[in-house]
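Structure, as C-alpha cells:
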Amino acid sequence: MKRHLYRVLGFAAVGLGAIGAVLPIMPTVPFLLLAVYFFARSSPELEQKILDHPQWGPQVRDWRERRAISRRAKTMAIGAMATGAVVTYFTLGHPWYWISVAILVICGGWIATRNE
Numbered sequence: 001m002k003r004h005l006y007r008v009l010g011f012a013a014v015g016l017g018a019i020g021a022v023l024p025i026m027p028t029v030p031f032l033l034l035a036v037y038f039f040a041r042s043s044p045e046l047e048q049k050i051l052d053h054p055q056w057g058p059q060v061r062d063w064r065e066r067r068a069i070s071r072r073a074k075t076m077a078i079g080a081m082a083t084g085a086v087v088t089y090f091t092l093g094h095p096w097y098w099i100s101v102a103i104l105v106i107c108g109g110w111i112a113t114r115n116e
C-alpha cells in the first residue's frame, strides 16, 4: 500500500515538474527532486529514468550528491519565475498576480539560498 502511494505521489510530482518545464512561474527541478524521493521508495526504475534524463538528470544528481544548485540554474529559475509573475500581472491582473509573487518569493527564496 505504501509503495503504491509513493508511486502515485512520484507521478504527481513529475506532472508538476512537467508543468514547470513549460510555465515560467513554476520551477521544475524541486518537483523532480520530490519525484526521485518518492520513486526511490516505490520504483527504482523510474527513479533511474529521472537521474538519466539528459536535461534534468544532472541537476537532480548535483542536488543528491552535493546538495547544490548551480548559479546558472538558480538565475534561470528565478528569472523564469519573475517573468511569469510579470506576465501574470499583465494578463490576469489583480488578485491573481499575487499567487505568482508568492510562488516567486517562496520558491525563489528557497532556490537562492541553496549552496552552489
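FYI, the UniProt record's numbering numbers position 73 of the sequence shown as 73, with every residue one higher than the one before it.
All residues carry an ideal CB built from backbone N, CA and C; glycine is no exception.
Here's a check: name, in chain order, each residue in its chain whose Cβ is nearer than 8 Å to the Cβ of residue i, leaving out the five neighbours to either side.
i	result
Phe-38	Tyr-6, Arg-7, Leu-9, Gly-10, Ala-13
Tyr-89	Tyr-97, Ser-100
Gly-108	Ala-77, Ile-78, Met-81, Ala-82
Pro-95	none
For a quick check, are the C-beta atoms of residue i and residue j less than 7 Å apart?
i	j	result
Lys-74	Ile-111	yes
Exposed or buried, residue i, counting other C-beta atoms within 10 Å across all chains shown (16 or more means buried)?
i	result
Thr-113	exposed
Leu-92	exposed
Glu-47	buried
In chain order, what residues of the same chain have a beta carbon less than 7 Å from the beta carbon of residue i, not counting five sequence neighbours either side?
i	result
Ala-80	Pro-24
Ala-35	Gly-10, Ala-13, Val-14, Gly-17, Ile-50
Ser-42	Arg-3, Tyr-6, Arg-7, Gly-10
Gly-20	Met-26, Pro-27, Thr-28, Phe-31
Gly-84	Leu-23, Pro-24, Ile-25, Ser-100
Leu-33	Val-60, Trp-63
Leu-104	Met-81, Ala-82, Ala-85
Ala-40	Glu-47
_Would the stretch 56-67 count as touching the stretch 11-30 if we require 3 or more Cβ pairs under 8 Å?_
The stretch 56-67 is in contact with the stretch 11-30.
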